[in-house]
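**Student:** Structure below; questions to follow.
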Amino acid sequence: NLARNLGNPAVYLNCLQFMLAPYPQDGDPLQAGDPSRAAHVINNSWICDFKEGCTDPSVLHDIVQTVRAAGIFVAGGAGNDGPGCSTVTYPPAIYDITFSVGATTRSDGIADFCSRGPVVFDGSGRLKPDLVAPGADIRSSTPDGGYAGGWSGTSMATPLVSATVALIVSAAPSLAGQVATIE
Numbered sequence: 003n004l005a006r007n008l009g010n011p012a013v014y015l016n017c018l019q020f021m022l023a024p025y026p027q028d029g030d031p032l033q034a035g036d037p038s039r040a041a042h043v044i045n046n047s048w049i050c051d052f053k054e055g056c057t058d059p060s061v062l063h064d065i066v067q068t069v070r071a072a073g074i075f076v077a078g079g080a081g082n083d084g085p086g087c088s089t090v091t092y093p094p095a096i097y098d099i100t101f102s103v104g105a106t107t108r109s110d111g112i113a114d115f116c117s118r119g120p121v122v123f124d125g126s127g128r129l130k131p132d133l134v135a136p137g138a139d140i141r142s143s144t145p146d147g148g149y150a151g152g153w154s155g156t157s158m159a160t161p162l163v164s165a166t167v168a169l170i171v172s173a174a175p176s177l178a179g180q181v182a183t184i185e
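Numbering (our numbering), first residue to last: 3 to 185.
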């Protein structure tokens, strides 16, 4: 969903709308969307910051809430602004309805770069991230079809949680759409 690795609220909204009701690339999303093909889980390894137009932290809350209400598990990277407290500051990871993911090191400690709560933008003091997963010095696939090591970030940890949710739904299809139970 990111052109040149820079998004904006409208781009994110369109992407999340697609996850609710996928449509052909050349189709009209309002005419051709098919909710029966909606995702069971989505991975948000991105943040929507001020330079992208997310000047109001609640800008994506309603669409993320809609996605979750439709039974789609929303996993979001907590961010890489650690190690200080109150560094989980960007949508969608700040929302109580997003399952935000932090990163651990190879020795299972919290990675220094990992953003941490509490969330303070709204005075909630909400504790984030919700879970941590390996996210430092990760070997991952690359766009050219190969693999490379040394990747670090909550963007490396969050897909592990998304994949686990996909495996849970695959093993127990009755859990599809049961976001709270999966959490």
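Glycine included, each C-beta is placed from N, C-alpha and C at the ideal position.
(1) Around the Cβ of K130, are there at least 16 other Cβ atoms within 10 angstroms (buried) or fewer (exposed)?
(2) Along the chain, where does the alpha helix (DSSP H) containing F1 start, and where does it finish?
(3) Over the uninterrupted beta strand (DSSP E) stretch that includes T100, give me the two end residues.
(4) Can you tell me which of the three DSSP states L62 falls into?
(5) Tell me whether G155 is buried or exposed, calling it buried when 16 or more other Cβ atoms sit within 10 Å of its Cβ.
(6) At least one CB of chain C closer than 8 Å to the CB of F115: is that the case?
(7) Hey, is the region 110 to 127 in contact with the region 75 to 90, meaning 3+ C-beta pairs nearer than 8 Å?
(8) Measuring straight from C-alpha to C-alpha, what distance separates V167 and Y97?
(9) Identify whether P161 lies in helix, strand or coil by the three-state DSSP scheme.
(10) Strictly by DSSP, which residues pair up with L133?
**Tutor:** If we stick to the structure as given:
(1) Along the sequence shown, one-based indexing puts residue 130 at 128. Label assigned to K130: buried.
(2) The question about residue 1 has no answer here: the residues shown for the chain are numbered 3 through 185.
(3) By 1-based counting over the sequence shown, the position of residue 100 is 98. Premise fails: T100 is in no beta strand (DSSP E) and is neither H nor E.
(4) Walking along the sequence shown from the start, residue 62 turns up at place 60. In the three-state scheme derived from DSSP, where H, G and I count as helix and E and B as strand, L62 is classed as coil.
(5) Here residue 155 is taken as the residue at index 153 of the sequence shown, counted from 1. Only buried fits G155, as 16 or more other CB atoms lie within 10 angstroms of its CB.
(6) Here there is only one protein chain, and chain C is not present.
(7) Yes, since at least three Cβ pairs between the region 110 to 127 and the region 75 to 90 fall closer than 8 Å, the two stretches touch.
(8) Translated into positions along the sequence shown, residue 167 becomes position 165. Translated into positions along the sequence shown, residue 97 becomes position 95. Cα-Cα distance, rounded: 19 Å.
(9) By one-based count along the sequence shown, residue 161 stands at place 159. Helix at P161.
(10) As a first step, residue 133 is located in the sequence shown; it is residue number 131 there, counting from the start. Note: L133 sits in a beta bridge opposite V103.
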